[in-house]
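Undergrad:
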Amino acid sequence: MTRRLRTPDDRRFDLLVNIFLLTVLAVTLIPLLYVVTVSVTPLGRSASLLLPAWDWSFNAYAELLKQPAILRAGLNSVLITVSGVLISMILTVCTAYPLSRPDLPGRKFLTGVILFTFLFNAGLIPLYLVVRDLHLLNTYWALLLHGAVSVYNLFVMKNFFQNLPDSLEEAAKIDGASELQVLWHIVLPLSRPILLTIGLFYAVTQWNSFFEPILFLSNRDMMPLPVVLRDILTGLNSADYVESAATTTAPPEGLKMAAVVLTTIPMLLIYPWIQRYFTSGTLSGGVKE
């Protein structure tokens, strides 16, 4: 097979693509680098992107991590995220798998009803009234059950299940396996890419949950980390989370940026572990063969 010679137009195109990608990288990386740099800038020194390593100070992180309110908010976020992902994954799998079976009675009707909820919603006020009438206000159930199943994630997982070979299911049923056994022993072990991908989507959504806690929770001790981060960045009730400027050993901006970094770290640690499954899971579930 002969290799096509690259023309000057090809090289110019590659140069433009590289310049564009480097620009996107700079636009993304420079603000992140600035946030990290400000968070380690010592008290009394102005922040700089080229702050030398020997001049770093982690007092801002120490100040935040010793505050009981912030630690409590972090634990609240972990509880909401872990519980939310478990509930969402169970409901999504238990809905997507039956819908992926062509012999399910009323399959098209059920798919249409679910799709309708994706295109139309009642709005914020009816949602609040439903949560109130179910006596879920000021409970974590309001956060966990509201939006527990994403229709987009549901259809991605449904398409992935449909792409699995039918011969595996048929062989299992010949051996006497029930539908539940087929799902548990055959389908789920083969669906690790889509399970981790959809789990990551749900985890990011729950971890970054911000508006719903403000809407449904009134107890400040139940607030998750993003709400506390909002209070610190805006100065709203920030005295509940950090010490006054007269006693702190870190600059106020450093405390704010340290809060941003601490809120971002968990997802940054999880994503590289799941990233290798991300592309295969999304493509396999998003394209129906």
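Each residue of the sequence shown is one higher than the last, beginning at 1 in our numbering.
Here a beta-carbon is modelled for each residue, glycine too, at the ideal position from N, C-alpha and C.
(1) So, under 8 Å CB-CB, residue 198 and residue 156 are touching, yes? Tell me the CB distance rounded to an integer number of Å.
(2) Less than 7 Å between C-beta atoms, sequence neighbours within five positions excluded: which residues of the same chain meet that for residue 95?
(3) Can you find a CB in chain C that lies within less than 8 Å of the CB of residue 42?
(4) Return the chain-ordered list of same chain residues with a C-beta closer than 6 Å to the C-beta of residue 144, the five sequence neighbours on each side being excluded.
(5) Which whole runs of the alpha helix (DSSP H) in the stretch 95-179 are 4 residues long or more, in chain order?
(6) Look up residue 6 in the DSSP assignment and say whether it is helix, strand or coil.
(7) Where does residue 184 land, buried or exposed, given buried means 16+ other C-beta within 10 angstroms?
(8) Excluding the 5 residues preceding and the 5 following residue 7 in the sequence, name in chain order all residues of the same chain whose CB lies nearer than 7 Å to its CB.
(9) Can you have a look at residue 26 and say buried or exposed, based on whether 16 or more other CB atoms are within 10 angstroms of its CB?
(10) Nearest to residue 267 by alpha carbon, out of 9, 208, 34 and 12?
(11) Across the stretch 110-127 and the stretch 172-192, are there enough close Cβ pairs to call them in contact, namely three or more that are closer than 8 Å?
(12) Quick one: grab the DSSP three-state call for residue 77.
(13) Measuring CB atoms only, is the stretch 116-123 touching the stretch 57-71, in the sense that at least three cross pairs come out at less than 8 Å?
(14) Is residue 228 closer than 8 Å to residue 80 when the C-beta atoms are compared?
(15) First and last residue of the alpha helix (DSSP H) that includes residue 217?
(16) Exposed or buried, which one is residue 16 when buried takes at least 16 other CB atoms within 10 Å?
(17) Label residue 170 either buried or exposed according to how many other C-beta atoms from any shown protein chain fall within 10 Å of its C-beta, with 16 as the threshold for buried.
(18) What does the alpha-carbon distance come out to for the pair residue 264 and residue 131?
(19) Can you say whether residue 32 is buried or exposed, counting buried as having 16 or more other CB atoms within 10 angstroms of its CB?
(20) Could you check if residue 30 is buried or exposed, using at least 16 other CB atoms within 10 Å of its CB as the buried criterion?
(21) Please report the distance separating the alpha-carbon of residue 166 from that of residue 195.
(22) Select from 211, 10 and 139 the residue whose C-alpha is nearest the C-alpha of residue 219.
(23) Going by C-alpha distance, which of 11, 18, 35 and 106 is nearest residue 260?
(24) I need the straight-line Cα distance from residue 21 to residue 271, nearest angstrom please.
(25) Tell me whether the beta-carbon of residue 76 lies closer than 8 Å to the beta-carbon of residue 224.
(26) Output the distance between the C-alpha atoms of residue 254 and residue 137, rounded to the nearest integer angstrom.
(27) So what does DSSP say about residue 190, is it helix, strand or coil?
(28) Within this structure, are the beta carbons of residue 118 and residue 93 separated by less than 8 Å?
(29) Just to confirm, are residue 57 and residue 41 a CB contact at a threshold of 8 Å?
TA: According to the structure data:
(1) 7 Å
(2) 149 and 154
(3) The chain inventory of the structure shown lacks chain C, comprising one protein chain alone.
(4) 83, 84 and 87
(5) 107-119, 124-133, 141-145, 151-163 and 166-174
(6) coil
(7) exposed
(8) none
(9) exposed
(10) 208
(11) no
(12) helix
(13) no
(14) no
(15) First-last for residue 217: undefined, no H or E at that position.
(16) exposed
(17) exposed
(18) 29 Å
(19) exposed
(20) exposed
(21) 19 Å
(22) 139
(23) 35
(24) 21 Å
(25) yes
(26) 35 Å
(27) helix
(28) no
(29) yes
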